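According to the working numbering, the stretch in the sequence shown is residues -13 to 165, in order.
Cβ coordinates follow ideal geometry from the N, Cα and C atoms, glycine included.
None of the values given here were measured: they were computed from a predicted structure.
These notes concern the structure reproduced below.
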Amino acid sequence: MPRSQPIERQIIARHTYKTGGALVVAYVALYFAIPIPLPPLPGLIDRLVFTLRLQSFSCLTLIGGIVDVALTRYNTIAVDPINGRGEHHVAIGVRYLTNTVEQFIVSFVGQLVLTTYLTEPQMKVVPILVLFFVVGRVTFYYGYKMSYLNRALGFTATFGSSLAVWVVVMFYVISDLFS
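Below you can see the structure in the form of structure tokens.
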């Protein structure tokens, strides 16, 4: 299998490290320095409903991707997907949409499981995660439109946040198993 070029890997790695560092700084600033107003969330059901409702913002990234592909098809020869002559017009949009569905599932399920472990004051992590998801997806889309090498910024913002959630969730789950 042909490998990517070393310069491509360097650019992607640099974007990944910078984004990862920026995410940590942004998380600390948002969680500890900026007051995030929350409604009363005394019970688990309240926290789950709150988390579900915030996913509406994440779904907007899917809707945006669907609209992008639909409008591109409508305005180009890709209007006939069976013919296949115009699929290159929608290739980035389709890849964005596919990756966003994958990322949404990982993020959404992770946030729901995490919510079952969080206390009421800790729930301010959920709006931060949703913000990171939305900003990450928008950055991924526009970065991808500019150059395939610019995907790493948005991908890292989205997947890095989800990965952190799953590490925390697995810590809680394993702790529960041995307590």
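Requested in this report: Look at the alpha carbon of L24 and the alpha carbon of M109, and state the distance between them as a whole number of angstroms.
Outcome: Answer to the nearest angstrom: the Cα atoms are 8 Å apart.
Requested in this report: Could you tell me which of Y3, V124, A138 sits nearest to I49, measuring between CA atoms?
Outcome: For I49, the closest of Y3, V124, A138 by C-alpha to C-alpha distance is V124.
Query raised in the report: Mapping DSSP to helix, strand and coil, what is Q(-9)?
Result: Q(-9) carries a coil assignment under DSSP once its states are collapsed to helix, strand and coil.
**Report entry** Exposure of S93, with buried meaning 16 or more beta-carbon neighbours within 10 Å
**Finding:** Burial call: buried.
Report task. Please report how far the alpha carbon of S165 lies from the alpha carbon of F157, in whole angstroms. Result -> 12 Å
Query raised in the report: Counting Cβ pairs, one atom from each stretch, are 3 or more of them under 8 Å apart for the region 60 to 77 and the region 130 to 142?
Result: no
Query raised in the report: With contact counted as at least three CB pairs below 8 Å, one residue from each stretch, are the region 79 to 90 and the region 41 to 61 in contact?
Result: yes
Requested in this report: Starting from A150, follow the alpha helix (DSSP H) in both directions and report where the run begins and ends.
Outcome: 137 to 163
Requested in this report: Tell me whether the beta-carbon of L27 lies closer than 8 Å to the beta-carbon of R33.
Outcome: yes
Query raised in the report: Grouping DSSP H, G and I as helix and E and B as strand, with all else coil, what is P113?
Result: helix
Query raised in the report: Smallest Cα separation from V151: which of S42, H1, Q89?
Result: Ranked by Cα distance from V151, the options S42, H1, Q89 are led by Q89.
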